[in-house]
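Peer 1: Let me give you the structure first, and then I'll get to my questions.
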Amino acid sequence: MVTFAHAQTLNYPLHQCLNPQGQWCDTVDNTLQQPDFLLAAYTHLWRTRLFDQRAIALQRTGQLGTYASCLGQEAISAAIGFSLQPNDVFVPYYRDQAAQLLRGTKMRSILQFWGGDEWGSFDAPSQDFPSCIPIANQITHAAGVATALKLKHQKQAALSTCGDGASSRGDFYEALNLAGVWHLPLVVVINNNQWAISVPLSQQTACETLAQKAIAAGILGVRVDGNDFFSLMMVLQEALQRARTGKGATLIEAVTYRLCDHTTADDMSRYANLDEKNQAQQQEPLIRFQKLLRQQLGWTDTQQQQLEQTLRQDIELEVNAYLSLPKPNPDDMFRHLYSELPTDLAHQRAALWQAKSWE
Ligand SMILES: Cc1ncc(C[n+]2csc(CCOP(=O)(O)OP(=O)(O)O)c2C)c(N)n1
Ligand SMILES: [Mg+2]
1009 MVTFAHAQTL NYPLHQCLNP QGQWCDTVDN TLQQPDFLLA AYTHLWRTRL FDQRAIALQR
1069 TGQLGTYASC LGQEAISAAI GFSLQPNDVF VPYYRDQAAQ LLRGTKMRSI LQFWGGDEWG
1129 SFDAPSQDFP SCIPIANQIT HAAGVATALK LKHQKQAALS TCGDGASSRG DFYEALNLAG
1189 VWHLPLVVVI NNNQWAISVP LSQQTACETL AQKAIAAGIL GVRVDGNDFF SLMMVLQEAL
1249 QRARTGKGAT LIEAVTYRLC DHTTADDMSR YANLDEKNQA QQQEPLIRFQ KLLRQQLGWT
1309 DTQQQQLEQT LRQDIELEVN AYLSLPKPNP DDMFRHLYSE LPTDLAHQRA ALWQAKSWE
């Protein structure tokens, strides 16, 4: 009889340097501890959260389409935005508002996209990609980009994001496999928010961790606390540097919790355990960061209120700019895809023009 004595030991410790009490629990780069950087990062996390709240309010009042909130997951995307260099290529998914804003996308454009107008997707650095809604497709696109970067000997990285659910899809594995065998300058970040709509992680995979999915691809896998902005920065900077310097691809599992409905079209109270959600709330990234600021910089309630007030004013200017944008022409959905429309779409286009229901 064969004995499987080598039974796998999958050791993927969770990197953490800022604990939920807001105290350092591991070494952190000095540059990340500078007051200017601390304030810039903290401000951006709140900018993202307040923007997110406002987007939900717009949807609830009929002024935005279905919207995917990033509540509780802001640190992952913010750390990505702060770690990427301008000429890296960012291939986002739909909860990457924080990084998109840091890449230079305006809030009005993010709202335009979620308002149903694809033109909002194009307000990003020219090499970056629009948010991908079909899950996991973007990882294959990013592997393609990384291949081009490698062939051109460019010292740039491609970084793509996805959810825990997306990591079950074939595209995800195919892209990772290619990244391994071709030694691509690719970083893939999984936002493990424990849910794929109403499917919990326990029903998603039998893997103990998502980081271990790197093993079969022969690339590096890392597991990090997705609520700890600083650990995320450390891990991302290292992974991106590896990519840029020809050391190959990295898969990062960022462990967090979706503190919001899947999208505004969902109601998680119908399937999620409230106690679990309340517990996750204690771990969330912004309050943790605030505790640090209180201890390190003597951050006060008054400063917090002022920050929120200023950010809300800035957000309102962008909301007004979004609301003043001309409405998209519904015919746009038939343009730019085919040189000759397939018959079924041609019928739909004709019906649209006949009804002219948008006028
Ligand atoms: C190819 C594809 N199949 C199904 C869907 C419908 N869908 C949208 S989001 C989602 C779950 C994604 O969960 P996860 O990857 O964990 O990301 P999260 O939304 O939790 O950030 C599904 C199944 C889709 N968008 N694309
Ligand atoms: Mg998920």
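Per the numbering used here, residue 1009 is the first one in the sequence shown, and the count goes up by one each step.
Where a beta carbon is used, it is the ideal one built from N, C-alpha and C, also for glycine.
Measuring CB atoms only, is the segment 1056-1073 touching the segment 1097-1114, in the sense that at least three cross pairs come out at less than 8 Å?
Peer 2: yes
Peer 1: Going by the C-beta, is Pro1208 closer than 6 Å to any heavy atom of ligand 1?
Peer 2: Sequence index remark: in the sequence shown, residue 1208 carries index 200 (1-based). No, since every heavy atom of ligand 1 falls outside the 6 Å radius drawn around the Cβ of Pro1208.
Peer 1: Could you check if Arg1278 belongs to the surroundings of ligand 1, using beta carbon to heavy atom distance under 6 Å?
Peer 2: What you label residue 1278 is simply residue 270 of the sequence shown in a count that begins at 1. No, ligand 1 has no heavy atom inside 6 Å of this Cβ.
Peer 1: If you run the structure through DSSP and keep just helix, strand and coil, what is Pro1338?
Peer 2: As a position in the sequence shown, residue 1338 is number 330, starting the count at 1. Pro1338 falls in the helix class under three-state DSSP.
Peer 1: Would Arg1296 and Pro1028 qualify as a contact pair, given that the criterion is a beta-carbon distance under 7 Å?
Peer 2: Within the sequence shown, the letter at position 288 stands for residue 1296. Within the sequence shown, the letter at position 20 stands for residue 1028. In contact: Arg1296 and Pro1028 (Cβ atoms closer than 7 Å).
Peer 1: Taking the alpha carbon of Cys1033 as the point to measure from, which residue in Thr1039, Ala1359, Cys1025 has its own alpha carbon closest?
Peer 2: Within the sequence shown, numbered from 1, the residue matching residue 1033 stands at position 25. Measuring from the Cα of Cys1033, the nearest candidate turns out to be Cys1025.
Peer 1: From the DSSP output, in three-state form, read off Gly1229 for me.
Peer 2: For the purposes of this step, residue 1229 is taken as residue 221 along the sequence shown, with counting starting at 1. If DSSP states are grouped into helix, strand and coil, Gly1229 belongs with the strands.
Peer 1: Of the choices Val1327, Ala1359, Lys1160, whose alpha-carbon is the least far from that of Phe1342?
Peer 2: As a first step, residue 1342 is located in the sequence shown; it is residue number 334 there, counting from the start. The shortest C-alpha to C-alpha distance from Phe1342 to any of Val1327, Ala1359, Lys1160 is the one to Ala1359.
Peer 1: Report buried or exposed for Glu1082, applying the criterion of at least 16 other Cβ atoms within 10 angstroms of its Cβ.
Peer 2: Reading the sequence shown from its first residue, position 74 is the one you call residue 1082. Flag for Glu1082 reads buried.
Peer 1: With DSSP collapsed to three states, give me the class of Thr1155.
Peer 2: Taking the sequence shown and counting its residues from 1, one reaches residue 1155 at position 147. Residue state, collapsed to three classes: helix.
Peer 1: How is Leu1248 classed by DSSP in three states: helix, strand or coil?
Peer 2: Looking up residue 1248 in the sequence shown gives position 240. Helix.
Peer 1: Indicate whether Glu1261 and Ala1204 have their beta-carbon atoms separated by less than 7 Å.
Peer 2: Taking the first residue of the sequence shown as 1, we reach residue 1261 at position 253. Taking the first residue of the sequence shown as 1, we reach residue 1204 at position 196. The beta carbons of Glu1261 and Ala1204 sit no closer together than 7 Å.
Peer 1: If you reduce the DSSP assignment to three classes, tell me which class Asn1095 lands in.
Peer 2: Reading the sequence shown from its first residue, position 87 is the one you call residue 1095. DSSP places Asn1095 in coil when its eight states are reduced to three.
Peer 1: If the criterion is Cβ atoms closer than 7 Å, does the pair Met949 and Ala1087 meet it?
Peer 2: Because the chain here runs from 1009 to 1367, residue 949 falls outside it and cannot be looked at.
Peer 1: Which first and last residues belong to the alpha helix (DSSP H) in which Ala1106 is found?
Peer 2: Residue 1106 sits at position 98 when you count from the first residue of the sequence shown. Its alpha helix (DSSP H) spans residues 1105-1111.
Peer 1: Say the cut is 6 Å; is the CB of Asn1145 nearer than that to a heavy atom of ligand 2?
Peer 2: Reading the sequence shown from its first residue, position 137 is the one you call residue 1145. Because no heavy atom of ligand 2 lies under 6 Å away, the Cβ of Asn1145 does not count as near it: no.
Peer 1: With respect to 6 Å, is the separation between the Cβ of Trp1203 and the closest non-hydrogen atom of ligand 1 below this value?
Peer 2: The residue you call residue 1203 lines up with position 195 of the sequence shown. Yes; taking the cut-off as 6 Å, the Cβ of Trp1203 has a heavy atom of ligand 1 nearer than that.
Peer 1: Would you check if the segment 1286-1306 and the segment 1119-1128 touch, i.e. whether three or more CB-CB distances between them fall below 8 Å?
Peer 2: no
Peer 1: DSSP puts Cys1140 in a beta bridge; with which residues?
Peer 2: Counting from 1 along the sequence shown, the entry for residue 1140 is found at position 132. According to DSSP, Cys1140 bridges with Tyr1101.
Peer 1: Is Gly1234 a contact residue of ligand 2, with contact defined as CB to any heavy atom under 6 Å?
Peer 2: Here the question's residue 1234 lines up with position 226 in the sequence shown. For ligand 2, not one heavy atom lies less than 6 Å from the Cβ of Gly1234.
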